[in-house]
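Numbering-wise (the numbering used here), the sequence shown opens with residue 130 and increments by one.
Single-structure report; data block below.
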Amino acid sequence: GTITLPDGVIAQVQESVMAGLWRVRFTDASGRLVADYAEVAAIPAAVERAAQMTRLLDDLGTPPDGAMNVMPVLTEVRDRASAHVKGAPSHTITFSLFPMSDADMGFLQETLGPGPIQILSRGYGTCRIVATGVRNVWSVQFFNAMDTIVLDTLEIGDVPVTACAAVEDFRDSAERLAEIEEAYFR
């Protein structure tokens with residue numbers, strides 16, 4: 130994943146082969162390494178902090194000609210995002226099942242704007258998770274082997290669970306670390 134911070138600092142996060150163990154690197158605006166460390170977490174703290182630096186959605190604007198469903202969607206996004214409480218379940222809007230014109234999707238993307246976080250997961254297929262410019266709103270897209278979108282959603286909530294290590298993952302990683310310790314250090 131890549132996190133672009135306002136002061137030109139770039140954070141790169143990568144999960145190791147042991148789920149929940151992340152490498153986090155920060156470089157400054159000139160590309161010099163500022164920090165490089167390992168972090169044990171469901172998702173690195175830098176991701177959560179950057180997600181909170183985004184704006185609230187106040188003005189929905191005026192939709193373009195040809196828009197059909199974007200205004201009710203934006204109203205739902207605004208209301209859900211502003212009411213979200215950390216730790217509460219996410220709300221998902223699935224565009225794969227919802228009639229949105231090109232004008233709708235273009236205006237939606239323009240209104241939400243780009244965010245500071247991009248994560249690519251290649252577990253059981255490819256998943257792209259992108260923070261929008263609106264707090265608590267994430268674009269989550271799943272791709273098949275031919276790189277075609279098979280599921281296109283907006284998730285309104287905390288960092289999407291798709292990007293986070295699960296409790297079961299931590300247990301598996303702890304077992305693997307114990308096996309490594311036994312094999313190499315005892």
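C-beta atoms are modelled at their ideal positions from N, C-alpha and C, and glycine is treated no differently.
All figures in this text were calculated on a predicted structure; none of them were measured in a lab.
ask   = Is DSSP giving Q181 helix, strand or coil here?
value = Residue numbering aside, residue 181 sits at position 52 when the sequence shown is read from its first letter. Coil, per DSSP.
ask   = Among residues of its own chain, excluding the 5 on either side of G242, which ones have a beta-carbon nearer than 6 angstroms to its beta-carbon?
value = Within the sequence shown, residue 242 is the residue found at index 113, counting from 1. Cβ within range, chain order: G262.
Three-state secondary structure assigned by DSSP to A260 = Position 131 of the sequence shown, counted from the start, is the residue given in the question as residue 260. Note: A260 maps to strand in three-state DSSP.
ask   = Can you tell me whether DSSP reads L306 as helix, strand or coil?
value = Residue numbering aside, residue 306 sits at position 177 when the sequence shown is read from its first letter. In this structure, L306 counts as helix in the three-state DSSP scheme.
query = Hey, quick one: how far does the beta strand (DSSP E) through P243 stretch, first residue to last?
reply = What you label residue 243 is simply residue 114 of the sequence shown in a count that begins at 1. Residues P243 to S250.
ask   = How is T277 classed by DSSP in three states: helix, strand or coil?
value = By 1-based counting over the sequence shown, the position of residue 277 is 148. Residue state, collapsed to three classes: coil.
ask   = What's the gap between the Cα of T221 and the Cα of V259?
value = Residue mapping note: residue 221 aligns to position 92 of the sequence shown, counting from 1. Residue mapping note: residue 259 aligns to position 130 of the sequence shown, counting from 1. Rounded to the nearest angstrom, the two C-alpha atoms are 14 angstroms apart.
ask   = Whole-angstrom Cβ separation of T240 and L162, contact assumed at under 8 angstroms?
value = In the sequence shown, residue 240 corresponds to position 111, counting from 1. In the sequence shown, residue 162 corresponds to position 33, counting from 1. With 8 angstroms as the limit, T240 and L162 do not qualify as a contact, their Cβ atoms being about 36 angstroms apart.
key: Buried versus exposed, by CB contacts within 10 Å (16 or more), S145   = Here residue 145 refers to the residue found at position 16 when the sequence shown is read from its first residue. The residue is exposed, with fewer than 16 neighbouring Cβ atoms inside 10 Å.
message = Which residue marks the beginning of the alpha helix (DSSP H) containing T204, and which one marks its end?
response = Here the question's residue 204 lines up with position 75 in the sequence shown. V199 to A212 is the span of the alpha helix (DSSP H), which, as asked, contains T204.
ask   = Would the beta-carbon of D281 fall within 8 angstroms of that of A232?
value = Sequence index remark: in the sequence shown, residue 281 carries index 152 (1-based). Sequence index remark: in the sequence shown, residue 232 carries index 103 (1-based). For D281 and A232, no; Cβs fall outside 8 angstroms.
Coil, strand or helix - R152 by DSSP = What you label residue 152 is simply residue 23 of the sequence shown in a count that begins at 1. Strand, per DSSP.
task = Starting from the C-beta of R305, find all residues in its chain whose C-beta is less than 7 angstroms away, skip the five residues before and the five after it, and write them out in chain order.
result = Here residue 305 refers to the residue found at position 176 when the sequence shown is read from its first residue. Closer than 7 angstroms at the Cβ level, and outside the excluded window around R305, lie M147.
task = May I ask you to report which of helix, strand or coil DSSP gives L226?
result = For the purposes of this step, residue 226 is taken as the residue at position 97 of the sequence shown. Of the three classes helix, strand and coil, the one that applies to L226 here is helix, per DSSP.
message = I'd like to know whether the C-beta atoms of S119 and A292 end up nearer to each other than 8 angstroms.
response = With the chain represented from 130 up to 315, any question about residue 119 goes unanswered, as that position is not in the structure.
key: Cut-off 7 angstroms between Cβ atoms - residues of its own chain near T133, not counting five sequence neighbours on either side   = In the sequence shown, counting from the first residue as 1, residue 133 sits at position 4. Taken in chain order, the residues that qualify are I139 and P245.
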